[in-house]
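What follows is a single structure, written as structure tokens, with notes after it.
Protein chains: 2
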Amino acid sequence: MKLPGPEEFEASTAHENVPPAELHSGFGPNASPDGPSDIDSRELVISEDPLLFIQLNELLGWPQALEWRETGRWVLFEEKLEVGAGRWSVPHVPTLTLPSLQNLRSLLAEGLVLLDCPAQSLLELVEQVIRVEVLSPEVRGQLQALLLQRPQHHIQPSATRPCWGSTHLQNTSHDEDVPLKGQNPLKQRLPPGAEAAAVLAGQLGFLAQPLGAFVRLQNPVVLGPLTEVALPSRFFCLLLGPPTTGRCSYHEMGRAAAVLLSDPQFQGSVRRASDLQDFLAALDAFLEEMTVLPPGRWDPTVRIPPPKCPPFQHKRYLELPSHPREVKGRAGRRHPRGPPELQRSGRLFGGLVQDVHRKAPWYLSDFLDALHPQCFSAVLYIYLATVTNAITFGGLLGDATEGAQGVLESFLGTAVAGAAFCLMAGQPLTILSSTGPVLVFERLLFSFSRDYSLDYLPFRLWVGIWVATFCLVLVATEASLLVRYFTRFTEEGFCALISLIFIYDALGKMLTLARAYPIQRPGSPAYGCFCQYPSPRAYSAIHIPMPGSLSIQNLGLVNVSLLPLPECVQQGGHPRGPGCHTIPDVALFSFLLFLSSFLSAMALKRVKSSHLFPSMVRKVFSDFSSVLAILLGCGLDAYLGLATPKLLVPKEFKPTLPGRGWLVSPFGTNPWWLSVAAALPALLLSILVFMDQQITAVILNREEYRLRKGAGFHLDLFCVAMLMLLTSALGLPWYVSATVISLAHMDSLRRESRACVPGEAPHFLGIREQRLTGLAVFTLTGVSVFLAPVLKFIPMPVLYGIFLYMGVAALNSIQFMKRVQLMLMPAKHQPDLLLLRHVPLGRVHLFTAIQLACLGLLWIIKSTPAAIIFPLMLLGLVGVRKALEWVFSPQELLWLDELIPEEEGSTPEKELEPEHLFSGSDSEDSELKYQPKTPEINISVN
Amino acid sequence: MKLPGPEEFEASTAHENVPPAELHSGFGPNASPDGPSDIDSRELVISEDPLLFIQLNELLGWPQALEWRETGRWVLFEEKLEVGAGRWSVPHVPTLTLPSLQNLRSLLAEGLVLLDCPAQSLLELVEQVIRVEVLSPEVRGQLQALLLQRPQHHIQPSATRPCWGSTHLQNTSHDEDVPLKGQNPLKQRLPPGAEAAAVLAGQLGFLAQPLGAFVRLQNPVVLGPLTEVALPSRFFCLLLGPPTTGRCSYHEMGRAAAVLLSDPQFQGSVRRASDLQDFLAALDAFLEEMTVLPPGRWDPTVRIPPPKCPPFQHKRYLELPSHPREVKGRAGRRHPRGPPELQRSGRLFGGLVQDVHRKAPWYLSDFLDALHPQCFSAVLYIYLATVTNAITFGGLLGDATEGAQGVLESFLGTAVAGAAFCLMAGQPLTILSSTGPVLVFERLLFSFSRDYSLDYLPFRLWVGIWVATFCLVLVATEASLLVRYFTRFTEEGFCALISLIFIYDALGKMLTLARAYPIQRPGSPAYGCFCQYPSPRAYSAIHIPMPGSLSIQNLGLVNVSLLPLPECVQQGGHPRGPGCHTIPDVALFSFLLFLSSFLSAMALKRVKSSHLFPSMVRKVFSDFSSVLAILLGCGLDAYLGLATPKLLVPKEFKPTLPGRGWLVSPFGTNPWWLSVAAALPALLLSILVFMDQQITAVILNREEYRLRKGAGFHLDLFCVAMLMLLTSALGLPWYVSATVISLAHMDSLRRESRACVPGEAPHFLGIREQRLTGLAVFTLTGVSVFLAPVLKFIPMPVLYGIFLYMGVAALNSIQFMKRVQLMLMPAKHQPDLLLLRHVPLGRVHLFTAIQLACLGLLWIIKSTPAAIIFPLMLLGLVGVRKALEWVFSPQELLWLDELIPEEEGSTPEKELEPEHLFSGSDSEDSELKYQPKTPEINISVN
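Protein chains in written order, with our numbering: chain A, 1 to 942; chain B, 1 to 942.
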């Protein structure tokens, strides 16, 4: 349904260096249902070759004190020895000069190329190499002695954890995995099976003419101390000659040879070469495919940092004769008919059965995979977010239903429903919660039942029963397959709306707080404290509950500065006015706490991309950013000791509404026909639940998160329906998947590869998919009633700050926001997005403007009494997206959104032909077809 | 004394495209004393060629609908037409493939190369080109019609201000300078005299064999509608041929031809080529010097952004036979014996006379150059900083001298001394102010005179007279030449100390404020308000001035809650305790204001490097960041209306000490010999003034700021001495140059070139050197006494926030801080600084640690009674730096600091030889010798 994203290719090329054992570790059953696609397997064919460590030893000190010295090394990128500083340079993309490559070619073409040399040691190898007719026996002797001389290596002292040790795969401890003291740390960072290559270059006065030799060893052997890591060497290259004065030195030729060997394509060809012709053909192929930078606009001494994602070598690998149709039409699409979760079975409840079958084999691993410290941080973070959410929505619900539900119900329902969902659902990373749309609906339902004097909870029970029934019908008919029509347009509209609700609520809560703890301004009428005497006409005024809304006139008030408080009470009066109850400084301090927790959570999250401190420390700061921000806020609050509003956790276990038991009676005082009439609102609610649940599910199961255990759209909906029945019967709130918290949950469970080979960037590997973190979160939520003594120290403003952070983070994560920023950006400052290369700017802005308009409309509807049709409007988003096909061409929609799948059997390929007629520009074509969709800029030079 | 910084080379290459009229505009007398150095002139020789606009027209639509279409253009960098999006790509460094260059070479070698073609129109040119024997007459006719066909250009509609119009040079308005409607905006961005080149490429079915032609026109003519901008064309290149299937298309060959022409070296050679051999030699030279990226590690479709500073083409330009010694030894040093300001004249007051002679010719331009809106912002910003400084130091001085000086003296002295300095000094960008070190000294002097019951102001007058005398001696003996020994080590130590004092003072002031407006915590003993009855033993307690330090026990206090305030006063008591006077919320709100003004100033400053909004808007936000932050703070303060402490400006014009006139009597009650004894403290103070003044002067006159009007070290010191005499006589504070505010002043007057040619980054051009902004600042300071009604709305916490911002900005601008950060950074995350390539990390850290230790020692001495020897310690810094020569090698010091100049006549060159023996690695050598040393930045660039 979309072109493969950058991460996918990252993943496939990342596999290149991963030993087979690592590839499937931690993923439970090895037979993944959607195993490696054909592109993967093609990449893997090429990456069968072992990784090569290449070292350049240069001959220095001619003529007095000849010595070999390591001056460069290569695995993926080049590291140069900084002689002055005595350290390795940063890994960088190697740059060469053309003459060095040309000279290397001619030297080797005239020199010695030994393929499948049977030498078993350095001595044998050297003997083979110097057996050239041009050398006199005397020179041979000198040369042999020189080549056997021990080279000087620069080995960095720092100790590194082994990257490829097997200890974390099997728990048997092998002695050889413990890093030995003084061992080269690079060795532990190379995968098992890696081979070495040595390039020896330099000028040698006693040679009459240049000597070039390239050797491929039949069986790799450790060539004594030739390379700094004691790996078996496969290749050996010798480039010696009389002193030259030209610009193309042996140093540059040696570098060229090393860079050639570090090229996977060249290396593969040379491994398979059978004679000199093959060898030279490989070298020429390399020359043909080089990228050339003109001298006038590029400083050749600049070191280009390694690209963040490795080059996608479409020209080199994908131009294979196999699969020509697929490469041309819809390159690299993994699922030509959508993912297996969305295949129609055609049977009643067929999708549900498939979901169960798909998820069952992973069930055990869903618990074992949680054994990682990262999960601990995730539980803490999501627990705090869930509890805050439960309190917020509990308070709102209690307000909306006049106490029919309250904070205790919110806690209990969240814990029960969430834990049950985590145990049974198809996508256990989902966090159930009360959501804004459902809350709006419930508020409307309550107003309706109050207006018509209905018994609310029994009425609500019937609504719940109907919703569950409708949802079951949707499950039975595999209606969840409709999610295929939820494109990024729908997802982004919904996700932006939910994020905005988070941000709006956080700010709104803070303003409410400022009203509850007013800031006293000199001269404001509320300043001071008054004493109110009991009098007949002031009787009603006593019931005014909020000090903020107190009217002062005509209430028989006496300023306390004239009549002190104790005297006032003694005379039977009541102290009235904010001046009596106000605790100064609380409002401003709450704002300080709010801002500091928001800003510190943002800043701590970014610590990861800073360069200070070791990466472990940064990772801890980043992973625990929310928890640390909360602790910081609590510390600040405790230090000043002001009476800020704190987190309140219910202590008693009984329904909030006095006098009701836990089970809701089916009819109460309602007439019998109301149980039938409840089907009408239930229909609207069903649409809402379906949309709310499934859009979140689609977002969570996006391909870019690389979930390996598959989704379960039908199973998830089934669980939600069953839980809706349960919560309705117990009078608890209704729950569906919560987008923002679920995304935060997944984010806190990201797995990233450690950068092992120098210059390699860490890759996103996927999410720790398991059921335990969610279960722990909801168990903790359930027992939070008993944690009140600890939780009561958390100030609410801190939690609101975290709320704001979650909303902002979720909002920033969608492409929509990037496009909104584009609207404010002058064209020349816009980033070089592929999107902008292919779609006219006006069309991009039009698409963004339509999204903004939809979002505005949704927000307005949510805020007005028309909110009851809100579910239908969500469905309308899909319709708007469909209507956009009349406004935008399929190519534009392919870049801006994704294509809505055609009916099965039709051929949409013809619409994906390139939109222009450039016959000559093959790079243009390939860009459109093969390049990852949005690879924002990769290198930042300087 | 140091290798040339990156900006210098930027400047010299930036000149490349500047018309001669622009080069010297606005700099007053054209004969700059240190005119273009030899490197500049060499660059200018090469840049004599006009700028070339190159356009690639491709033949598309074969065979049905042939049309020429512009698909790429080049000036400095490549812009590609995004066909799908209908826009130009971002300018990028062009990348080519080797086969395209090789094919181009062979095609042209066999094709037609016409040098000095006399054609006067497109028709004549086409006739000349197709007069090739291989073409049949029929084909010639078809080809001629095709070549004369009008090509399709993509012209961006956006209107741009002309970059090169002459309107802002001379105020005569030419009609042709007004941008015409619908005219190509690119045309206005190209300098006058620019030429065009057209490359036509494509496949053409009726050709039997490829056709290549390259034409250099004798006289450039506008070739009809061939290029999108109607410039006279100098070059014309035609590459046509039968359809090919290979990877090297005519599109790629056309790009290769365009890139070749955009290379200044190739272009220069082809302009001078006399035959095909010269042409091919130029092409081969290009091939030789290309940078080559291996295919395996670099994605050829990535667009490399233009480098921020253009490549320093040492190999290409500096390997000229001229100046071999200089290139080898101390490449590109502008002043082999230091700048002209620091040449010893050998005569009494010779330096002073030289300074006057140097500055006098600029005097008129010092006023005319200020006519720019940027100066208005600078005046506002620096005025507010100066007033805040005057108030802060005035308050501190009044405290230190028990009222002998106060805020009014501070205002008056700042205004008088500052304005006089701006009118007379050698470096009018300097802002005079009370400084921390001088304040510390004055505090010590006052304690001394109080301890010995001396009449302070007369004593101080004599100290001032002596200091002025000593300073005159220093001026006469040209002692300011000693500043050559102030290396970066000294500057950084001093600058870091001053910045830390700023930060410390800002935070300290905020804490003082928090004590003055305490936050009330429940249960704290200071809570509440008490009524104190007059009683004999409480008599002394009444004099306790500060409510914060009030002891409550045994003072006959009655809680006001038991006895209301009016009653207390009525009974003759006094309300006592913070509860009576405290205004709640003020402390926390002050912190909010403090943080918000600091953070918003930081954020606004960074708006410039954001990509949102047009650059004009961003520039305004960035230039006015402090003013906007202050306004924001005032607005916030006015909105809440809390009684925060506001800026207090004196209203009456009379000395703070009651009963003294403006002139200090020479002796007062002091014995006569005290006027002689005053020479002893004056000696210490002279050292302090000399160090404080000259280090700041050295920092302000750093080469990287590109000041064009020269410095005046002797003249500045002379002015300071004269002003010291004046202020001593009037009993006003003493003034020397203030580093932080002066740097902020210069920063607010930065001149940057506008980026004209696509892809070109704006260059730092220098500072608006003039006397008017400073004069305006101090005039405003003087009349501030009458501005009290406006200034009283500025809350002090906002000003403290700006103080903090200035301190942090100054601290971040020094390289020292970057090296401190390096200490916290794991080696593999460290940036690829040239410093780190050449100096072992341990040595870098050792140097930084020594600097940190010196800084710590200075801070401790400043804070203890030993502060009197503080001036000597500053001198000690120079000694420490000298001693470091025993610890570090000259190479290391060259990278870490700069070398202290040897005695004149000695030859320090030998110490600058490269430290290693790599004979082959010429790139290594050249890096060490030619590359800019520390691309760090001094005033916050970006």
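All C-beta atoms, glycine included, are put in the ideal place defined by N, C-alpha and C.
Among the options, nearest to residue i - alpha-carbon criterion
i	options	result
B/G406	B/L56, B/P681, B/A119, B/P658	B/P658
A/L52	A/A196, A/K818, A/T401, A/P871	A/A196
B/P871	B/G436, B/A425, B/T95	B/G436
B/A282	B/V292, B/R271, B/T291	B/R271
A/E124	A/A827, A/L217, A/S453, A/Y735	A/L217
A/D116	A/G193, A/L276, A/A109	A/L276
B/F502	B/L811, B/P192, B/A145	B/L811
A/M602	A/L857, A/L101, A/A629	A/A629
Per-residue DSSP class, three states only, for residue i
i	result
B/L684	helix
B/E319	Unreliable positioning characterises B/E319 in this predicted model, as indicated by a pLDDT of 41, which lies under 50. The coordinate reading is nonetheless provided below. It is coil, neither helix nor strand.
A/D451	helix
A/I130	coil
B/G556	Because the pLDDT at B/G556 is just 47, under 50, the model does not fix this residue reliably, and the value given afterwards should be weighed accordingly. Coil.
A/V844	helix
B/E773	Inspection of the sequence shows that residue 773 of chain B is occupied by Thr rather than by Glu. Of the three classes helix, strand and coil, the one that applies to B/T773 here is helix, per DSSP.
A/C756	coil
B/G84	coil
B/S274	coil
Expected contact under 8 Å - CB spacing of residue i and residue j to nearest Å
i	j	result
B/P307	A/V302	7 Å
B/V785	B/F653	7 Å
B/S737	B/T430	5 Å
Burial state of residue i (16 or more Cβ within 10 Å)
i	result
B/V75	buried
A/H251	buried
Residues near residue i in its chain [Cβ-Cβ closer than 7 Å; skip 5 each side]
i	result
A/A257	L104, V199, C237, L239
B/L947	Only positions 1 to 942 of chain B appear in this structure, which leaves residue 947 of chain B out of reach.
B/G395	V407
A/R618	V607, K608, S610
A/L775	A419, C422, L423
A/K509	Y800
Contact set for residue i: own chain, Cβ-Cβ below 6 Å, skip 5 residues either direction
i	result
A/G782	A415
B/W672	none
B/G668	D455, P458
Own chain, CB closer than 8 Å to residue i, minus 5 neighbours either side, in chain order
i	result
B/T386	T414, G418, I431, S433, I741, V777, F778, T781
A/T644	V586, F589, S590, L593, D637, P795, M796, P797
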